[in-house]
Amino acid sequence: MNKVISALEPKPEMSEPHPRVANRLLGALGSRDYAILEPHLELVALPRGKVLFEPGDDVHTTYFPCRKTMVSLLIVTRDGREVEAATIGREGAVGGIVSDGHKPAFGRAVVQVPGSAFAISTSHLEAAKLGSTRFGDLFSRYADALLAQMMQGVACNALHSVEERCARWLLATHDRAGDHIIQLTQESLAEMLGVQRTTVSAVTSSLATRGLLKTLRGRVQILDRKGLERVACECYEAVEGHFARVLPEVDI
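Be aware that the sequence shown starts at 1014, since it is given in the numbering used here, and climbs by one per residue.
Structure representation (structure tokens):
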């Protein structure tokens, strides 16, 4: 049976569905492969700002975000600045995806949108990969999709405007959150984009003036999805299109 984290942590939603519904990557597993993981999955609460691992940490746990939960993989500079390398939600997993044995983290993993996740030790995940060719193939393809997101992010940060990048990030988050209202502060968005908060404030104000979104306290409401898609750079469609081709059985 799925276990529940200690009462010292904020409780996950009591209506949390079966893990194969809550997380799309788990849902793509065949019944036989999923049965190998099920006894080891633990339902945990992930509050906003929780650090799952730091650069250099040995990664012992893999997290499968559920529903609206989203985690950012960040690159941290010597002076403490952060820039997002990838966003992971209910379509994927965080930590120990392809590594075997020693798994030092290169970046920092931080919860941006709070919620619940299913956690499993990387040792149990590795055992499942070794025991099933199909299981290993699914996670290898997911690793490919995650790498593509990171590579496209490098190009995006170098070539596109803050407004285009902001629109791309909001679209990707909207996909994963499954709701028009995204639990996100402007400060967090600025950190993800690697810019000043005042810059993000100016960009979101411009988007709001055009009727594309509405900024609320600690939240962003998407009003015109199609309009936001027109503002976003080509990177959004490139990443989502590659994901659909590599992992057609996983619906973001």
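Beta carbons: idealized from backbone N, C-alpha and C, even for Gly.
Give every residue of the same chain whose Cβ lies closer than 8 Å to the Cβ of residue i, excluding the five residues on either side of it in the sequence, and list them in chain order.
i: Leu980; result: What is shown of the chain runs 1014 to 1265, which leaves residue 980 out entirely.
i: Asp1070; result: Pro1117 and Ala1118
i: Leu1236; result: His1193, Gly1224, Leu1225, Leu1226 and Lys1227
I'd like to know whether the C-beta atoms of residue i and residue j end up nearer to each other than 9 Å.
i: Glu1095; j: Ala1185; result: no
i: Val1123; j: Gly1102; result: no
i: Gly1120; j: Tyr1076; result: no
i: Gly1207; j: Gly1224; result: no
i: Gln1165; j: Ala1245; result: no
i: Gly1105; j: Arg1037; result: yes
i: Phe1066; j: Val1072; result: yes
i: Cys1179; j: Thr1211; result: no
i: Cys1079; j: Ser1145; result: no
i: Pro1127; j: Leu1229; result: no
Once the 5 residues before and after residue i are set aside, which same chain residues still bring their CB inside 6 Å of it?
i: Ile1194; result: Arg1232 and Gln1234
i: Ile1088; result: Val1096, Ala1098 and Gly1120
i: Leu1086; result: Ala1098, Ala1099, Gly1120 and Ala1122
i: Ala1190; result: Lys1081
i: Asp1046; result: Ser1145 and Phe1148
i: Leu1197; result: Val1233
Once you ignore the five residues that flank residue i on each side, which residues in its own chain have a CB closer than 7 Å to its CB?
i: Ala1158; result: His1255, Phe1256, Val1259 and Leu1260
i: Glu1262; result: Ala1041
i: Gly1062; result: Val1123 and Val1124
i: Ser1214; result: Gln1199
Would you decide whether residue i is buried or exposed? Buried here means 16 or more other CB atoms lie within 10 Å of its CB.
i: His1068; result: The amino acid at residue 1068 is misidentified as His; the sequence shows Pro. Flag for Pro1068 reads exposed.
i: Asp1092; result: exposed
i: Leu1220; result: buried
i: Pro1117; result: exposed
i: Leu1143; result: exposed
i: Arg1243; result: exposed
i: Ser1201; result: buried
i: Thr1222; result: exposed
For residue i, which residues does DSSP report across the bridge?
i: Ala1099; result: Leu1086
i: Val1124; result: Val1084
i: Val1107; result: Tyr1076
3-residue-minimum beta strand (DSSP E) runs that sit fully inside the segment 1184 to 1262, ordered along the chain: 1226 to 1229 and 1232 to 1235
At 3 residues or longer, and completely inside the segment 1040 to 1087: list those beta strand (DSSP E) runs for me, N to C. 1055 to 1059, 1064 to 1066 and 1074 to 1078
As an exercise, report each continuous alpha helix (DSSP H) stretch of at least 4 residues that is fully enclosed by the segment 1121 to 1175, in chain order. 1135 to 1144 and 1146 to 1172
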